Amino acid sequence: MQVTRLFDIADLQLAQFPQDTCVASLEEGKLRAYSTQEFISTAEQLALGLMDLGIRPGDKVALASGNRAEWALVDQAVLRIGAIGIPIYPTMSAEDYAYILDHSESKVFFVSNAELLNKARTAQAKVASLGHLFTFDRVDGAAHWKELLGRGAEHAPELERCKAAVKHEDLATIIYTSGTTGKPKGVMLSHGNILSNVESSAARLPVERGARAISFLPLCHIYERMLMYLYQRAGMQVRFQETLEELGARIKEAQPEVFTAVPRLLEKIYDAILTKGEALTGVKRKLFFWSLDLGERYQVHGRSAWYDLQLAIARKLVFSKWREALGGRVKCVASGSAALQPRLARIFNAAGVPLMEGYGLTETSPVVSVNDARNDGLRFGSVGRPIKDVQVRIAEDGEILIKGPNVMMGYYKEPELTREVLTTDSWFHTGDIGELREGFLYITDRKKEMFKTSGGKYVAPQPIENQLKASRFIEQAVVIGENRKFPAALIVPSFNFLKDYCALKNIPYENPQQIIGDKRIIDRIFAEVQKVNAGLGHWEQVKRIELLPSELTIDGGELTPSLKLRRKPILAKYAAQVERIYA
Numbered sequence: 083m084q085v086t087r088l089f090d091i092a093d094l095q096l097a098q099f100p101q102d103t104c105v106a107s108l109e110e111g112k113l114r115a116y117s118t119q120e121f122i123s124t125a126e127q128l129a130l131g132l133m134d135l136g137i138r139p140g141d142k143v144a145l146a147s148g149n150r151a152e153w154a155l156v157d158q159a160v161l162r163i164g165a166i167g168i169p170i171y172p173t174m175s176a177e178d179y180a181y182i183l184d185h186s187e188s189k190v191f192f193v194s195n196a197e198l199l200n201k202a203r204t205a206q207a208k209v210a211s212l213g214h215l216f217t218f219d220r221v222d223g224a225a226h227w228k229e230l231l232g233r234g235a236e237h238a239p240e241l242e243r244c245k246a247a248v249k250h251e252d253l254a255t256i257i258y259t260s261g262t263t264g265k266p267k268g269v270m271l272s273h274g275n276i277l278s279n280v281e282s283s284a285a286r287l288p289v290e291r292g293a294r295a296i297s298f299l300p301l302c303h304i305y306e307r308m309l310m311y312l313y314q315r316a317g318m319q320v321r322f323q324e325t326l327e328e329l330g331a332r333i334k335e336a337q338p339e340v341f342t343a344v345p346r347l348l349e350k351i352y353d354a355i356l357t358k359g360e361a362l363t364g365v366k367r368k369l370f371f372w373s374l375d376l377g378e379r380y381q382v383h384g385r386s387a388w389y390d391l392q393l394a395i396a397r398k399l400v401f402s403k404w405r406e407a408l409g410g411r412v413k414c415v416a417s418g419s420a421a422l423q424p425r426l427a428r429i430f431n432a433a434g435v436p437l438m439e440g441y442g443l444t445e446t447s448p449v450v451s452v453n454d455a456r457n458d459g460l461r462f463g464s465v466g467r468p469i470k471d472v473q474v475r476i477a478e479d480g481e482i483l484i485k486g487p488n489v490m491m492g493y494y495k496e497p498e499l500t501r502e503v504l505t506t507d508s509w510f511h512t513g514d515i516g517e518l519r520e521g522f523l524y525i526t527d528r529k530k531e532m533f534k535t536s537g538g539k540y541v542a543p544q545p546i547e548n549q550l551k552a553s554r555f556i557e558q559a560v561v562i563g564e565n566r567k568f569p570a571a572l573i574v575p576s577f578n579f580l581k582d583y584c585a586l587k588n589i590p591y592e593n594p595q596q597i598i599g600d601k602r603i604i605d606r607i608f609a610e611v612q613k614v615n616a617g618l619g620h621w622e623q624v625k626r627i628e629l630l631p632s633e634l635t636i637d638g639g640e641l642t643p644s645l646k647l648r649r650k651p652i653l654a655k656y657a658a659q660v661e662r663i664y665a
């Protein structure tokens, strides 16, 4: 059968390779698996229930929840009607909820739990279009999503007509990007936009039918959502994980062949591995750090026979435990959203955990390029070759331009903003700076994040931040210096590592606030900064630092839901520290 709409993917799976477990997640405390047949029949019942509420093609249905089977079911129901899905990050504020719901004119809103229901109710008072709220968890005084099942049977013929009327080029979803500044923008993606990305990205996924995936990055982000469709298209089983709590145990339990992660999470996983290694003694400790050293020197090409022999030993004695911790079957971990430290890519690949960095944006549905361990498709430090049917070009100023069937329809109700990024000949301006080398794309920075010092020199902060975070002393870094005499950095130390370091050096450690004021610690961390400075031009070297007492977080307003730095709020929050730097 021909797949031209997103809901055709599930129908294809049912017709050609039905799964006993299509999707699964915890439901009312127990693991609930839906076969392909159950998934489709439940989604169709839900679609009839929505039609009974008055939802018709073109209407907007919003959804805020962690990853769970109900998310996928609501999404499928909405698509089958020809309605428009409005995914919202659960972590957004009630004010953002109200803005998105009102701007999109959403009529129904599904949320996962009581906490999100409270935010939804606060927002509902400000949104004239919003008539119905439903929860996935059972909450006293709230309508449960299952109340829609069994309603609207009389609409079945109309639902069939609605499905038949949905076209490849029709709008499927509006995804509001949280962005690092300003109000969220609604990115309009068609069925065809996302399907093109599913088909082209599938060629880079080294798995077979019946393979398992675990999904824990937010489905409200197009990256994980597109992959959900891709997993279904490939005939895979998808296990959803709603929170990051006990994630390690859940991954080991699910035994996935593939999953996705963001660099921040991979950094935390690596730090946890290092902490365990530090606790070892004697021969085991030496063997652990010998293996890490091997991993840091890993190359795709040109490895000597002696190196490969040593690596085989390291994989058997040390790295095999890493694979076991990830379920023992992993064939691909895809990393996106932000720059990945090349060192991490080397070490994980050396360990036999294929870690593939890719690049994309919400506006490109999202994948533009991705590395592939097969077919000479991997270059550390790059984001891979462009996928099929996606054209990449570098503008004179270094900006990455994208053209292809994956490029968005535009920003919802924002024609001027759309014209700013989409040229008349359909090239999308990404706002990212990069270069193409031997067909591989390399990202150097965000065009909008580059700043000019008062001396007139441009500085790209992201590569410097990435190098700083490679230090075990540094958890997070924000390079600043716009219109200032020199670049500087706000640094969140790795407090867990500092505790061990202080114990070793007999430095009193009471709490984060106390330790960041200790001159010995400040000097030690600045020594790490100087190592990075040694490889930088004099105009981009970090001359001064301020240590921050707590991690930058989504809840604190310093990170976007996809864990990118929100630079303006960070500068506002830590204005006193910035002024001390430049006093």
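Per the working numbering, the very first residue in the sequence shown carries number 83; after that it's consecutive. Glycine included, each C-beta is placed from N, C-alpha and C at the ideal position. Since the model is a prediction, treat every value here as computed from it, not as a measurement.
Kindly list the residues whose CB is nearer than 8 angstroms to the CB of residue i, restricted to its own chain and excluding five residues on each side of it in sequence; keep chain order.
i, result
"K655", "G638, G639 and E640"
"R602", "K587 and I589"
"Q392", "L376"
State the DSSP-derived secondary structure class of residue i, mapped to helix, strand or coil.
i, result
"I351", "helix"
"K366", "helix"
"M83", "coil"
"M133", "helix"
"P594", "helix"
"Q473", "strand"
"Y493", "strand"
"R626", "strand"
"L523", "strand"
"M318", "coil"
"T535", "coil"
"Q612", "helix"
"S468", "Rather than Ser, the amino acid found at residue 468 in this sequence is Pro. Three-state DSSP puts P468 in a strand."
"D479", "coil"
"S373", "helix"
Would residue i and residue j qualify as a contact pair, given that the criterion is a beta-carbon distance under 7 angstroms?
i, j, result
"I666", "S282", "Not covered by the structure: residue 666. The range shown for the chain is 83 to 665."
"E378", "R428", "yes"
"A92", "I137", "no"
"L94", "V105", "no"
"G492", "M308", "no"
"R397", "G434", "yes"
"E306", "L299", "yes"
"A416", "M438", "yes"
"E628", "L572", "yes"
"A176", "A205", "yes"
"L212", "P172", "no"
"K567", "A559", "no"
"G459", "Q473", "no"
"Q323", "G409", "no"
"A432", "Y380", "yes"
When you compare each of the options to residue i by their alpha carbons, which one comes out closest?
i, options, result
"M490", "N275, P543 and E306", "N275"
"G131", "I556, L241 and P338", "L241"
"P631", "I562, V574 and D600", "V574"
"F540", "V624, R519, E564 and F522", "In the sequence on display, residue 540 carries Tyr and not Phe. Looking at the Cα atoms, E564 is the closest of the given residues."
"D222", "I484, A246 and A196", "A196"
"S194", "G480, E328 and L155", "L155"
"F192", "A387, W227, K208 and A235", "W227"
"N661", "I636, P643, R626 and L645", "Going by the sequence as given, residue 661 is Glu instead of Asn. Of the candidates I636, P643, R626 and L645, the one whose C-alpha sits nearest the C-alpha of E661 is R626."
"A146", "A115, I395 and I257", "I257"
"I168", "A246, D90 and T259", "T259"
"K249", "K358, D90 and G232", "D90"
"Q595", "E633, P266, F322 and G617", "E633"
"A165", "V190, R528, G359 and R150", "V190"
"S536", "K530, P643, P139 and I562", "I562"
"Y583", "A361, G111, E496 and S386", "A361"
"C244", "A129, F218, L231 and N149", "A129"
For residue i, which residues of its own chain have a beta-carbon under 7 angstroms away from its beta-carbon, when the five flanking residues on both sides are left out?
i, result
"A421", "P345, I525, Q544 and N548"
"E622", "V541, I546 and P569"
"H511", "E481, L483 and V503"
Take residue i and list the residues in its own chain whose beta-carbon comes closer than 6 angstroms to its own, dropping the five residues that flank it on each side.
i, result
"T505", "none"
"L374", "none"
"K208", "A180"
At a cut-off of 6 angstroms, is residue i close to the ligand COA when judged by its beta-carbon and the heavy atoms of the ligand?
i, result
"G364", "In the structure on display, the ligand COA does not appear, and there are no ligands present to speak of."
At least three beta-carbon pairs within less than 8 angstroms, the region 397-404 to the region 331-343: no
Cβ contact (3+ pairs, closer than 8 angstroms) linking the region 152-162 and the region 179-186: no
Contact between the region 290-298 and the region 313-321 (3+ Cβ pairs under 8 angstroms): yes
Cβ contact check for the region 458-469 and the region 514-522: 3 or more pairs under 8 angstroms: yes
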